[in-house]
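Each residue of the sequence shown is one higher than the last, beginning at 1 in UniProt numbering.
Glycine residues also receive a C-beta, built at the ideal position from the N, C-alpha and C atoms.
All values derive from a computational prediction rather than experimental measurement.
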Amino acid sequence: MDAPPLSFLLMRKLLSRLGLRFEDPVDERAFVTRFTLDDLPRTQAAMILGACVYCAFAVWDWILDPAHWTETLFLRLAVALAVLLPATAALRWPAARRWAEQIYLSYCVVPGCVLSLIYLRLGPGFDHAAAGMIVVILFVSTLLPLRLSSLAAFCGLTWLCFAVCESFAVHERAGMRFVNNFEIGMAYAL
Numbered sequence: 001m002d003a004p005p006l007s008f009l010l011m012r013k014l015l016s017r018l019g020l021r022f023e024d025p026v027d028e029r030a031f032v033t034r035f036t037l038d039d040l041p042r043t044q045a046a047m048i049l050g051a052c053v054y055c056a057f058a059v060w061d062w063i064l065d066p067a068h069w070t071e072t073l074f075l076r077l078a079v080a081l082a083v084l085l086p087a088t089a090a091l092r093w094p095a096a097r098r099w100a101e102q103i104y105l106s107y108c109v110v111p112g113c114v115l116s117l118i119y120l121r122l123g124p125g126f127d128h129a130a131a132g133m134i135v136v137i138l139f140v141s142t143l144l145p146l147r148l149s150s151l152a153a154f155c156g157l158t159w160l161c162f163a164v165c166e167s168f169a170v171h172e173r174a175g176m177r178f179v180n181n182f183e184i185g186m187a188y189a190l
């Protein structure tokens with residue numbers, strides 16, 4: 001078995017010094033298991049609620065762009081049926097629970113990234129995008145038990161996807177790129 005890369009070891013040491021990781025791997029695994037699974041029924045209930053809310057925002061899509069809202073409803077339902085609900089159900093099986101943090105991460109990254117695609121499809125979608133992204137950010141940061149590294153991965157991936165999709169958008173109002181990214185950045189910081 002190969003030794004871990006130096007960057008991995010340095011990051012582990014830094015996290016330990018900052019009090020964000022246990023030095024003993026056994027203690028770290030026990031903490032992760034307890035942190036991610038301690039309140040699993042409530043987390044799963046929040047995940048089901050999150051899937052419903054994600055789909056319910058199709059009403060907002062309809063208000064913003066009546067011509068394309070059925071397409072975005074399809075995207076929202078596809079994400080809920082292919083990712084959100086199966087991820088929630090997977091946690092019922094004890095064998096899947098050791099992957100809980102990765103399941104939570106996929107649960108939040110996929111809809112966060114697809115949300116940017118939805119905004120791109122809606123005519124004025126990016127003129128109202130920050131609010132929807134902030135709802136997702138608040139959900140993830142308050143209702144899913146993600147450790148700092150997973151939360152940082154969620155933030156980085158969804159913001160990157162948002163920035164790429166927004167670069168293709170045509171804004172009706174000047175300055176919206178700055179406003180959107182400023183508001184989203186502040187939500188990530190909180």
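Comparing alpha-carbon positions, the option among R121, I137 and C161 lying closest to L151 turns out to be I137.
In terms of Cα proximity to V32, the closest of S149, R76, S7 and L84 is S149. The DSSP-derived three-state label of V170 is coil. Annotated three-state conformation of D38 is coil, per DSSP. Per the C-alpha coordinates, the member of G175, W159 and R173 positioned closest to P111 is W159. Apart from the 5 residues on each side of it in sequence, T88 sits with its Cβ closer than 8 Å to the Cβ of Q44, M47, I48, A51 and Y107 in its chain, given in chain order. By the Cβ-count criterion, T142 is exposed, with fewer than 16 other Cβ atoms from all chains shown falling within 10 Å of its own Cβ. Under the three-state reduction of DSSP, F126 is assigned to helix. Unbroken alpha helix (DSSP H) stretches of 4 residues or longer found wholly inside the UniProt domain "MASE8" (59-154): 69-79, 85-90, 94-97, 100-121 and 129-143, given in chain order. Annotation for F8: the continuous alpha helix (DSSP H) segment containing it runs L6 to R17.
Taking the CA atoms as reference points, G132 sits about 44 Å from D2.
For R177, the enclosing alpha helix (DSSP H) starts and ends at M176 to A189. In the three-state DSSP reduction, D24 falls in the coil class, being neither helix nor strand.
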